[in-house]
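Have a look at the structure below before the remarks.
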Amino acid sequence: MSFRSFLASLFKDVDADENGVKRITVNQFHSKETEFAIDAYAIFTVIDFVATLMSNVELQTYYKNQLQEGREWYRLNVKPNLNQNAKDFWKEFWCKLLYYQEVLVVPIGEQLIIADNFVHHPEYAIKEDVFEQVSRGDYQFRQNFRSSEVFYMRYSTVDINTTLMSVMELYGELVKHAAEVYSGSGGEKGILNVNSAATGPEDFEKKYGEWINSRFKSYFSANNAVMPLFRGMTYTGKHESIDSESSDNINNMLDAAITRVANAYKVPPAVLRGEVAGMSDAFNVFLTSCVDPLASMLATELTAKEFDQKQASKGSRIKAFTNNIKHTDIFEVATNFDKLFADGFSHNELCRLLGMPEINEDWANRHYITKNYADAANPNGEEVKENENESQNDVSHQSAPVGT
Numbered sequence: 001m002s003f004r005s006f007l008a009s010l011f012k013d014v015d016a017d018e019n020g021v022k023r024i025t026v027n028q029f030h031s032k033e034t035e036f037a038i039d040a041y042a043i044f045t046v047i048d049f050v051a052t053l054m055s056n057v058e059l060q061t062y063y064k065n066q067l068q069e070g071r072e073w074y075r076l077n078v079k080p081n082l083n084q085n086a087k088d089f090w091k092e093f094w095c096k097l098l099y100y101q102e103v104l105v106v107p108i109g110e111q112l113i114i115a116d117n118f119v120h121h122p123e124y125a126i127k128e129d130v131f132e133q134v135s136r137g138d139y140q141f142r143q144n145f146r147s148s149e150v151f152y153m154r155y156s157t158v159d160i161n162t163t164l165m166s167v168m169e170l171y172g173e174l175v176k177h178a179a180e181v182y183s184g185s186g187g188e189k190g191i192l193n194v195n196s197a198a199t200g201p202e203d204f205e206k207k208y209g210e211w212i213n214s215r216f217k218s219y220f221s222a223n224n225a226v227m228p229l230f231r232g233m234t235y236t237g238k239h240e241s242i243d244s245e246s247s248d249n250i251n252n253m254l255d256a257a258i259t260r261v262a263n264a265y266k267v268p269p270a271v272l273r274g275e276v277a278g279m280s281d282a283f284n285v286f287l288t289s290c291v292d293p294l295a296s297m298l299a300t301e302l303t304a305k306e307f308d309q310k311q312a313s314k315g316s317r318i319k320a321f322t323n324n325i326k327h328t329d330i331f332e333v334a335t336n337f338d339k340l341f342a343d344g345f346s347h348n349e350l351c352r353l354l355g356m357p358e359i360n361e362d363w364a365n366r367h368y369i370t371k372n373y374a375d376a377a378n379p380n381g382e383e384v385k386e387n388e389n390e391s392q393n394d395v396s397h398q399s400a401p402v403g404t
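Okay, here's the thing in structure tokens:
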């Protein structure tokens, strides 16, 4: 069952009135209210989780294949604008992208500004798109921006669209019925007792009907009202008791909601729950299916807007370094890093992989290779003559008979 079908099934037990309008009871309202709150909580939990981790990604700037930490690196990783540091900036960036499924960043001078509102006009297939009515907070920029002047990203999948649209539809239903449920106009019920003394005249039923239509209609539609009754009539209001959800039921609903939303955003639910068993494998899946695609999208957009074709072909680019997302224990990776060092990685290259400061010494940039490896076809390092007798090679590679 899809998430949309699941939410639609929540209203399958709602009856329509004589006008064909579906109305929910107090208990039904509170049930929908609870489920909406849970689904909304799940969405914001997943988005906040992903955005917080993505804000740790370092954007490395390469010029002619050389890593440099200059002006652009500072703007991307330290202080994008006067009012935000890089952590706050990128968390807001990822939250907007994951929730609104698009985000616009406008370079103004040396600053990067995330737009709160904008109008995107896809002009022509062979011409640049235009962004109008771009605003940040209460300030609206006067000029329009072309696609080449801004950083613009979209992130839209069928699962995410279905999840967000379904929750918004449920929210709309709740808002529509909230006033009716709490004001008393959404279906007041009661019992009117009429004893035999109040049924004297022959036209009683007619007068009774007119009185009911006029008096009770005004009484039910008013927020505060007093209605007099004839002698022999007693009205007893019938109010529904509000069922309270058990904590176990709410926890189960919350767990199911987080699982649905997490799957939509390609996040293994085990990572969100903090389950210890299989956490390493689950986190690696999270990095592969969620983090790396998002980081690659950002790096591609930045590179395309910062460098032209000639610069990019010579090795100038922006690279998203995602190793900062996962904590690395240097003692756990010491053996593997020793193998990397033996295969030619320098000290500073390994320091960058660990997120540690580099060593400002020449020897830290040198590359070493172990002598434990040799050519399999020539283990003694002797020069191999061409057109050497193939039969000799065949004999030298044969295994010795067992028992010799």
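In this note's numbering, the protein residues as written are 1 to 404.
Every residue, glycine too, gets a C-beta built ideally from N, C-alpha and C.
Please read these numbers as outputs of a predicted model, since none were measured by experiment.
Beta-carbon spacing of residue i, residue j below 8 Å
| i | j | result |
| --- | --- | --- |
| residue 330 | residue 287 | no |
| residue 97 | residue 103 | yes |
| residue 412 | residue 99 | Residue 412 lies beyond the residue range present for the chain, which begins at 1 and ends at 404; the question has no answer from this structure. |
| residue 272 | residue 262 | yes |
| residue 318 | residue 342 | no |
| residue 79 | residue 85 | yes |
| residue 320 | residue 296 | yes |
| residue 111 | residue 77 | no |
| residue 364 | residue 348 | yes |
Close Cβ partners of residue i (< 8 Å) along its chain, the five nearest in sequence each way excluded
| i | result |
| --- | --- |
| residue 301 | 151, 152 and 153 |
| residue 123 | 129 and 130 |
| residue 279 | 270 and 271 |
| residue 275 | 282 |
| residue 121 | 129, 130, 131 and 132 |
| residue 251 | none |
Nearest residue (CA-CA) to residue i, options the options
| i | options | result |
| --- | --- | --- |
| residue 140 | 115, 130 and 128 | 115 |
| residue 134 | 147, 348 and 299 | 147 |
| residue 346 | 366, 251 and 51 | 366 |
| residue 156 | 294, 124, 310 and 79 | 294 |
| residue 306 | 72, 55 and 36 | 72 |
| residue 55 | 336, 62, 95 and 40 | 95 |
| residue 36 | 142, 107 and 256 | 256 |
| residue 162 | 251, 107 and 39 | 39 |
| residue 149 | 108, 126 and 125 | 108 |
| residue 339 | 308, 309, 74 and 371 | 371 |
| residue 93 | 113, 75 and 74 | 113 |
Same chain, Cβ closer than 6 Å to residue i, neighbours up to 5 away in sequence not counted
| i | result |
| --- | --- |
| residue 160 | 264 |
| residue 416 | Absent from the structure is residue 416, since the part of the chain shown begins at 1 and ends at 404. |
| residue 43 | 261 |
| residue 269 | 259 and 262 |
| residue 28 | With a pLDDT of 48 at residue 28, under the threshold of 50, the predicted position of this residue should be treated as unreliable, though the coordinate-derived value follows. Closer than 6 Å at the Cβ level, and outside the excluded window around residue 28, lies no residue. |
| residue 285 | 268 |
| residue 214 | none |
| residue 355 | 324 |
| residue 75 | none |
Cutoff 7 Å; reference residue i; Cβ partners in own chain excluding five residues on either side
| i | result |
| --- | --- |
| residue 353 | 323 |
| residue 64 | 314, 315 and 316 |
| residue 137 | 116 |
| residue 58 | 77, 321 and 324 |
| residue 88 | none |
| residue 312 | 303 |
| residue 308 | none |
| residue 337 | 350 |
Whole-angstrom C-beta distance between residue j and residue i, which should lie under 8 Å
| i | j | result |
| --- | --- | --- |
| residue 351 | residue 358 | 5 Å |
| residue 60 | residue 67 | 6 Å |
| residue 50 | residue 267 | 6 Å |
Proximity test, residue i beta-carbon vs the ligand ZN heavy atom, cut-off 7 Å
| i | result |
| --- | --- |
| residue 354 | Within the structure as shown, the ligand ZN is missing, as the structure has no ligands at all. |
So within the region 304-353, which uninterrupted beta strand (DSSP E) runs reach at least 3 residues, ignoring any that extend past its ends? Here the runs fully enclosed are 317-321.
Completely contained beta strand (DSSP E) runs for the region 98-145, where each covers 3 or more residues: Within the region 98-145, the complete beta strand (DSSP E) runs of at least 3 residues are 102-108, 111-114, 117-121 and 130-136.
Give, in chain order, every unbroken run of the alpha helix (DSSP H) that is at least 4 residues long and sits entirely within the region 38-88. Secondary structure in the region 38-88: the alpha helix (DSSP H) runs of 4 residues or longer, each lying completely within the stretch, are 71-77 in chain order.
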